[in-house]
Ligand code: SAH
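The structure is reproduced here in structure tokens:
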């Protein structure tokens, strides 16, 4: 833990006054339903849902889904979610900037830059734990507005004396061209350009002011193989889930159909016979009556695990979720309120809690898994209290102080984001292995313990 403490004090010692007030233009809300998972901002400006583009998109998404159902029958919830969120033309993520004060919900990196800074320290500490490899790829899945990556890169430059020897590059996996433009602006200003061919797996490329190269991909498999630290914040909850229900006849899949009495509406139905998904995705010893399985998330975790096993590195996954106990968690979000999952598809975010026990199972035995631990515990272990004390000590402006305190409360309060969000990590197995006793040193009494992993182990200050 010494390493993490040293990194913290080095990274932040000379910039205690440079805290940028929260990126949100309004105060962070003090209330919100923890059940909802997503946190809305106080200002409910909903430029997204009222735009002309949005009004046009909603009926076309419903029309598209209805004609699909009419021709091939009810679709799985997973197919529905995938279409609604990531259809290349009318998908929610593809068309909108849903994040921040003006969007539909707000996330931790948007609430306070301290969040991203502490993740930056985690990454440097894991890179050091891996023996400071020459190459360091920061790979972020679903980077939103690019704020988290920007905060992490700032920590890298504060820790230039530590990370300086490594060749750092940033790789962003983003399905939304609109959000990729926003990320490019945040990270590179104007120093970026789109690929000339649509077939190019790197669809955008740029460079930060500090000359760190940034590349955008639609899929994780296109990111080059090398030592990487993967970060996924509120990414897995956006991936499509299959829904299954226990019936007298066995497990059946929940599907989306057209409401017979009103062809402009959709409804959930239960498949009369087993589907391929219900026969293959439900565990034989499953005890719940209703389960959600994110097959796409499982495949991505398998890819992460294989890459970490073969190339070294780690993955840090942060999201709201459960450890194999959640049941019916799929919900919609629009204009800072819960929204009917089946109403006006494409106009609202759809999200389901992440099942960390499933991710652990999918990761397999080739990597070590840590967590899930609560966001409160992770951030406290990473030294958020000390960081906040220093910031407050150096800040005399009452409104900035208020903002600092309220963002800290939002991130760590158990009744806000502190216990609803969890951190989970995949690590190369060597990271947790007890180092071998050096041969020939007879005086050594016991083998040294493996270096603790920051965030997951209590940090003493
Ligand atoms: N990590 C950010 C954004 C979370 S929103 C934050 O915490 O603020 C989810 C992000 O994942 C968006 O950037 C969205 O466009 C992206 N996304 C959703 N589904 C995706 C998919 N299948 N592949 C790649 N990116 C996806």
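In the numbering used here, the protein residues as written are 14 to 474. Even for Gly, the Cβ is constructed at its ideal location relative to N, Cα and C.
Local conformation of residue i per DSSP, three classes
| i | result |
| --- | --- |
| residue 17 | helix |
| residue 355 | coil |
| residue 411 | helix |
| residue 217 | strand |
| residue 142 | helix |
| residue 331 | strand |
| residue 211 | coil |
| residue 545 | One cannot answer for residue 545 here, as it falls past the ends of the chain, which runs 14 to 474. |
| residue 173 | helix |
| residue 305 | strand |
| residue 441 | coil |
| residue 235 | helix |
| residue 287 | coil |
| residue 126 | helix |
| residue 293 | helix |
| residue 470 | strand |
| residue 61 | With a pLDDT of only 33 at residue 61, under 50, the local geometry of the prediction cannot be trusted, and no value is derived from it. |
| residue 168 | helix |
| residue 85 | helix |
| residue 134 | helix |
| residue 75 | helix |
Same chain, Cβ closer than 6 Å to residue i, neighbours up to 5 away in sequence not counted
| i | result |
| --- | --- |
| residue 154 | 186, 245, 248 |
| residue 329 | 244, 438 |
| residue 281 | 267 |
| residue 376 | 314, 318, 382, 439 |
Opposing strand residues paired with residue i [DSSP bridges]
| i | result |
| --- | --- |
| residue 111 | Paired residue(s): none; residue 111 is not in a bridge. |
| residue 391 | Its beta-bridge partners do not exist; DSSP assigns none. |
| residue 229 | 185, 217 |
| residue 259 | 264 |
| residue 206 | 218 |
| residue 345 | 352, 363 |
| residue 436 | 331, 386 |
| residue 148 | 180 |
| residue 381 | 440 |
| residue 282 | 268 |
| residue 223 | Answer is none; residue 223 lacks a bridge partner. |
| residue 153 | 185, 244 |
Rounded separation between residue i and residue j - CA only
| i | j | result |
| --- | --- | --- |
| residue 393 | residue 257 | 37 Å |
| residue 338 | residue 369 | 10 Å |
| residue 124 | residue 426 | 14 Å |
| residue 70 | residue 356 | At residue 70 the pLDDT is 48, less than 50, meaning the model places this residue with poor confidence; the figure from the coordinates comes in the next sentence. Cα to Cα, residue 70 sits roughly 13 Å from residue 356. |
| residue 360 | residue 287 | 31 Å |
| residue 142 | residue 82 | 51 Å |
| residue 465 | residue 275 | 58 Å |
| residue 16 | residue 468 | 12 Å |
| residue 22 | residue 134 | 10 Å |
| residue 224 | residue 431 | 35 Å |
| residue 128 | residue 423 | 11 Å |
| residue 192 | residue 414 | 31 Å |
| residue 335 | residue 381 | 19 Å |
| residue 19 | residue 171 | 13 Å |
| residue 228 | residue 263 | 46 Å |
| residue 312 | residue 365 | 17 Å |
| residue 343 | residue 174 | 45 Å |
| residue 94 | residue 310 | 13 Å |
| residue 296 | residue 327 | 27 Å |
| residue 358 | residue 101 | 14 Å |
| residue 232 | residue 401 | 37 Å |
| residue 332 | residue 411 | 32 Å |
| residue 74 | residue 433 | 32 Å |
| residue 108 | residue 189 | 7 Å |
Limits of the beta strand (DSSP E) - the one that residue i falls within
| i | result |
| --- | --- |
| residue 270 | 263-271 |
| residue 371 | Counting along the chain, residue 371 falls outside any beta strand (DSSP E), though it belongs to the alpha helix (DSSP H) covering 369-376. |
| residue 96 | That residue, residue 96, is in no beta strand (DSSP E); its alpha helix (DSSP H) goes 90-99. |
| residue 244 | 241-246 |
Limits of the alpha helix (DSSP H) - the one that residue i falls within
| i | result |
| --- | --- |
| residue 197 | 190-201 |
| residue 320 | 308-324 |
| residue 9 | Because the chain here runs from 14 to 474, residue 9 falls outside it and cannot be looked at. |
| residue 13 | Limits of the chain in this structure are 14 at one end and 474 at the other, which puts residue 13 out of reach. |
| residue 398 | 397-406 |
Cβ-based neighbour list, residue i, same chain, cut-off 8 Å, excluding 5 preceding and 5 following
| i | result |
| --- | --- |
| residue 176 | 137, 140, 149, 169 |
| residue 230 | 184, 185, 186, 187, 214, 215, 216, 236 |
| residue 302 | 258, 259, 340 |
| residue 178 | 145, 147 |
| residue 63 | Because the pLDDT of residue 63 is 40, which lies under 50, any placement of that residue in the model is unreliable, and the question is left without a value. |
Residues of its chain near residue i, where Cβ-Cβ distance is below 7 Å and the 5 sequence neighbours each way are ignored
| i | result |
| --- | --- |
| residue 278 | 272 |
| residue 98 | 104, 105, 106, 251, 363 |
| residue 68 | With a pLDDT of 48 at residue 68, under the threshold of 50, the modelled position of that residue is not reliable, and no figure is offered here. |
| residue 199 | 158, 159, 160, 163 |
| residue 290 | 89, 255, 266 |
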